[in-house]
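Below: the structure, in structure tokens.
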Amino acid sequence: MTDELEQRSWAGVAKGDADIWRELISREIPQLYGMFMRRWPNPSLAEELVQKTVFDAVRGCGSYDPSKGSPEEWLFGIARNNIRLEMRKRASRPSVDGDISSYVEAIDSEALPDEVLEQKETAMVVRAALSRLESKEQAVLRAKYIEGLSARDIAGRIGITEKAVHSLLYRARNSLRRELKRMTSLDKQEQKL
Amino acid sequence: MKRKDENLEKNISRLVKLTGDSNEPSKAFSESLINDALSELSESADGRQQQTKHKFTRTKWPRILAYAASIIIICGVVIALTMPTLQKAKTEVGWSRADKIALEQGIPRKEIAGKPVVALERAKESVPQVWDESSAKLAKDRRPVSGPRDSYTLSAPEITNVTAGEVSSTLSEIRVKGERARRLGSCYKPEPGPGGYPMAHGGTTPPNGEAFDGVFFKNYGVNPFVDTEDDHLSTFATDVDTGSYTIVRRFLHDGHLPPEKAVRVEEFVNYFKYDYPAPQEDVFKVYAEAAPWKFGTGRKNSYLLRLGLKAMQVHEENRKPAVLTFVIDVSGSMNRENRLGLVKKALRMLVERLREEDRIGIAVYGSRGRKIMDHKRLDEKAEILATIESLCAGGSTYAEEGIRIGYEMAESAYRKGYINRVILCSDGVANVGQTGADAILEVIKKKAEKGITLSAIGFGMGNYNDVLMERLGDKGNGHYAYVDTIAEARRIFEDNLTGTLQVVARDVKVQVDFNPKVVRSYRLIGYENRDVPDEKFRDDKYDGGEVGAGHSVTALYELKLWPGKEGTVATTYVRYKDADTMVATEFNSSIATEDFMPLAEKKIDTWFETALSFDFRLATVAAEFAEILRKSYWAKGAKLSDTLHRAQALLHERSGDADIIELVDLISKANQLMKDANIEPGETDTFHEP
């Protein structure tokens, strides 16, 4: 890209040119996601922060000044700011015990703390619990939450109605909850032994 | 409630996301974020340019919020108003229940006023007659567990005694009919064979010092370790048979070590009940578990993978009605050890458990095959029982003709939507006709395709043909079981009748795909005669195993892993045909190192006692026992006494479990016999090379 072209596209960012913005954010979303994941290995938090960063940028596109640097640098500045905000938020929260078992009991009444989700053991426990579900249930949970597909997409993919996808999802969530409870209670018994 | 679901959904979503292994956001997330961001961009751009024009639309939001708030308030008020009424209604319901109980028990209403309903219902339960009835039922249902010698050895007088006691209700009828039958001389005596074949069995002393004479088993070998680099797929047909375990039990109770080839590991493992929860919606569910395995000498970095396949339950009331055709071997050999007595007893047990709409027909064979009773509905129970009672044994064994006649009867009595099953009760010896089993197997296979299946139930030991019986059950799309005691007959015909009769999936095949990056080599323990070529897995014409309602199938693999590698260990594919529609279905399930490695690393020294499920340990003990008994090469250096300790620990956890009491007893018997015979599993030369 020549300097001139670059300059023009930078100006386009400030003006809110849709095509240039599309190019910018589709290139930068994976970078931002990776940056947040390295900080806190928690996909849902990373998604949340990417979303916040992109929206902050879009809403403040008028404040971007091409003379101060590239749009990428500007975007990462916003991201770094969001990391600082998140850190401050965490510092003010009471510290949590990273053991998932004490939170699984309350899984349908309170949001799980991010700190718990970021424990390596949590991912292991969830993986193990997931592997104990029926293959259909595993598949639908993965499609919905990891691939982020909509119920309609899933319905199309496995050839059932959208309504059936919803009820399958409902069952799958409850099975996973049951397995998690079972596994964490086993873990507790072991610790006692 | 709604809020609860939302919280759960959010948490589950966050947890499941943790298991995604890519470090990139999902495509769907990126796309929707880009679209949202762009529409936000155009809105805010519009907003900047035409702020004044859009004042009206902006003021819309507060108004919508105000509407929503007022709706919520109204809902709250309505709930607050209806709550007291609801509670009142509830109390009224409570009262009417109390009234009802009072009425039933003849207690004046006054007396129970004010007592909570639950307490009253408890009081109701403790009314003496109710308790007596249920305890009597319990006593009746209880299986004899103590004193294996006494309860498992059957002598002729014992059988007669039990018979007299147990069927006393129908006995008078039978006696009348039986006596009439005897007067008419219609007790079925086999005619002399064609061409005057000699009686099959002479003499009573087994030759060559063998425990039993003329027992036929076949050695199918022991599966070797396979490098995943050469072949990462392992394919086999399921097997729910349990015959091998009961045969070995018979040997051990009689004070003999079983011949190695009589031991099929998978049938040992599958004999036991495991707590795999039955699937609610699907036909099958797969349960996988893995752990380090210490067994024998020279084992390093060895893991045991257990795959459990559980079939859906069918409640007894929902069982399909059955058309059963019994083909009963009444040849001379069935006189030995009162085999025919045991058959009769087993059949009576079955008849008592069947329902009115079921039908039974009976054919027999000795020197010739013969139909002795056309299919009758269970309304005519007395007739059926009398016919069973009138059977007596003698002559040679023209099994082929008997089976052929049985199938002809089954075909003419065939009913769509019913379970159509031929039940062969025999010691498996066929000595007249084209005795080569192939002729019979061909007939059976053809009929199985038409929906008439076969159960081969083996009786007796001396002169017992295990090979033929197992193959018959296999080819007939039914199953094979061996009845050594009346307790075993009860297990098959009473406790598991629905599973024995109603097949929920046909041609069930399992293919395990090992990840060569994590698994270096694997060995399937057992299933030697159930091998399916990898490429035939999706060939729906290729025969697989049949699985009955509520049955479970357990397979064990020994694995060697590459050190330090993580990831998916194996993906299990299960393919089967729906028993009714014959439509093939396939599904899969995976297990990864993360699922067991943390556990394995933490608990390597005490893993067996503390880290594993009861089921896993039970399956391991059963497999080790079988491996040692069949002198598998891979059991080199393994001590049966170690396995015995593990079994005793299991018993300690479930002290009342009859199956485990028996397992411990059998292992200790085998241990003693091995000591007496000076067989140390450490001696390599007594073990077969794979």
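Taken in sequence, the protein lines are chains Z and S.
Heads up: the first sequence begins at 2 in my numbering, then just goes up one per residue.
Heads up: the second sequence begins at 34 in my numbering, then just goes up one per residue.
Even glycine gets a Cβ: it sits at the ideal position worked out from N, Cα and C.
- If you keep only unbroken alpha helix (DSSP H) runs of at least 4 residues inside the region 564-641 of chain S, you get 630-635.
- Nearest CB-CB separation between Tyr146 of chain Z and chain S: below the 8 Å threshold.
- Taking the C-beta atoms as reference points, Leu170 of chain Z is found no nearer than 8 Å to Val105 of chain Z.
- Residue ranges of uninterrupted alpha helix (DSSP H) with 4 or more members, entirely inside the region 53-104 of chain Z and ordered along the chain, are 72-93.
- Per DSSP, the continuous alpha helix (DSSP H) segment holding Pro31 of chain Z begins and ends at 19-40.
- Of the candidates Z:Ala107, Z:Pro67, Z:Ala165, Z:Gln52, Z:Gln52 places its Cα closest to the Cα of Ala80 of chain Z.
- Proximity of Glu73 of chain S to chain Z, defined by a Cβ-Cβ separation below 8 Å, is satisfied.
- Look at the beta carbons and you see the region 601-621 of chain S not touching the region 285-299 of chain S: under three pairs across the two are nearer than 8 Å.
- Residues of chain Z whose Cβ lies closer than 9 Å to the Cβ of Tyr320 of chain S are, in chain order, Arg133.
- Ile693 of chain S places its beta carbon less than 8 Å from that of Leu683 of chain S.
- With a threshold of 8 Å between beta carbons, Gly13 of chain Z makes no contact with chain S.
- Straight across, the Cα-Cα distance linking Ser445 of chain S with Gly511 of chain S is about 20 Å.
- Ser267 of chain S sits in a strand when the DSSP states are folded into three classes.
- When C-beta distances to chain S are compared with 8 Å, the residues of the region 86-111 of chain Z below that value are Ile108, Asp109, Ser110, Glu111, in chain order.
- If you look at Tyr336 of chain S, you'll find it in the beta strand (DSSP E) that goes 335-344.
- The beta strand (DSSP E) runs lying completely inside the region 394-458 of chain S and spanning 3 residues or more are 402-410, given in chain order.
- With contacts defined by Cβ atoms closer than 8 Å, Asp272 of chain S and Arg563 of chain S form a contacting pair.
- Secondary structure in the region 643-688 of chain S: the alpha helix (DSSP H) runs of 4 residues or longer, each lying completely within the stretch, are 647-662, 673-686 in chain order.
- For Tyr34 of chain Z, the C-beta contacts it makes with chain S under 9 Å involve Asn56, Glu57, Pro58, Phe62, Ser63, in order along the chain.
- At a cut-off of 8 Å, the C-beta of Ala129 of chain Z has a neighbouring C-beta in chain S.
- With respect to Ala324 of chain S, His584 of chain S sits apart: the two C-beta atoms are not nearer than 8 Å.
- Note that the region 374-388 of chain S does not touch the region 399-408 of chain S; fewer than 3 beta-carbon pairs, one per stretch, sit closer than 8 Å.
- In the structure shown, Arg556 of chain S falls within a strand segment according to DSSP collapsed to helix, strand and coil.
- Counting the other Cβ atoms within 10 Å of the Cβ of Ser622 of chain S gives 16 or more, which makes it buried.
- When S:Phe317, S:Leu699, S:Val697, S:Arg539 are compared, the shortest CA-CA separation from Glu482 of chain S is found for S:Arg539.
- Interface flag for Asn548 of chain S against chain Z is unset, since no Cβ pair is found closer than 8 Å.
- In this model, Thr52 of chain S and Lys353 of chain S are separated by some 43 Å (Cα to Cα).
- Between Leu340 of chain S and Val319 of chain S, the C-beta gap is smaller than 8 Å, which places the two residues in contact.
- Taking 4 residues as the minimum length, the alpha helix (DSSP H) runs contained wholly in the region 257-311 of chain S are 276-286, 298-304, in order along the chain.
- Burial check for Asp287 of chain S: the Cβ neighbour count within 10 Å stays below 16, so the residue is exposed.
- With the rule of 3 Cβ pairs closer than 8 Å, the region 514-524 of chain S counts as touching the region 273-282 of chain S.
- Taking C-beta atoms as the reference points, Trp595 of chain S and Val545 of chain S fail to come closer than 8 Å.
- Under the DSSP assignment, Thr533 of chain S falls in the alpha helix (DSSP H) whose first and last residues are 530-534.
- For Phe77 of chain Z, the closest Cβ of chain S is not nearer than 8 Å.
- DSSP, reduced to helix, strand and coil, places Phe526 of chain S within a helical segment of the structure shown.
- The C-beta of Arg437 of chain S has 16 or more other C-beta atoms within 10 Å across all chains shown, which makes the residue buried.
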